[in-house]
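**Q**
Residue numbers (the UniProt record's numbering): 1 to 90.
1. What residue range does the beta strand (DSSP E) around residue 28 cover?
2. If I measure Cβ to Cβ from residue 8 and keep anything under 8 Å in the same chain, skipping five residues before and after, which residues do I get?
3. Beta strand (DSSP E) containing residue 55: first to last residue?
4. Assign residue 43 to one of three DSSP states: helix, strand, or coil.
5. In this structure, how does DSSP classify residue 81 when only helix, strand and coil are distinguished?
6. Just grab the DSSP bridge partners of residue 116 for me.
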């Protein structure tokens, strides 16, 4: 499914696996919001080119599926996202 909210297009995928697991993927699409790179603003964005900063912002999504298939002994799994440092060529 594709949802248009404001100036964003979100792609929502539901993947049903053979073992009964339901995988959900939600992706935002489009162009990043960028500005001219200035060192005083480096706390508010990521340098993505020699003179370009990609401004920091985030999208929060909450999904809930309450399926009582074969009883009510449900379980869940969480994914914890962490920052990763990378060395850039410039």
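We put the CB at the ideal spot given by N, CA and C, even for glycine.
**A** The relevant details are as follows:
1. 22-29
2. 28, 29, 30, 59
3. 52-55
4. helix
5. coil
6. Here the chain has residues from 1 to 90 only, and residue 116 is not among them.
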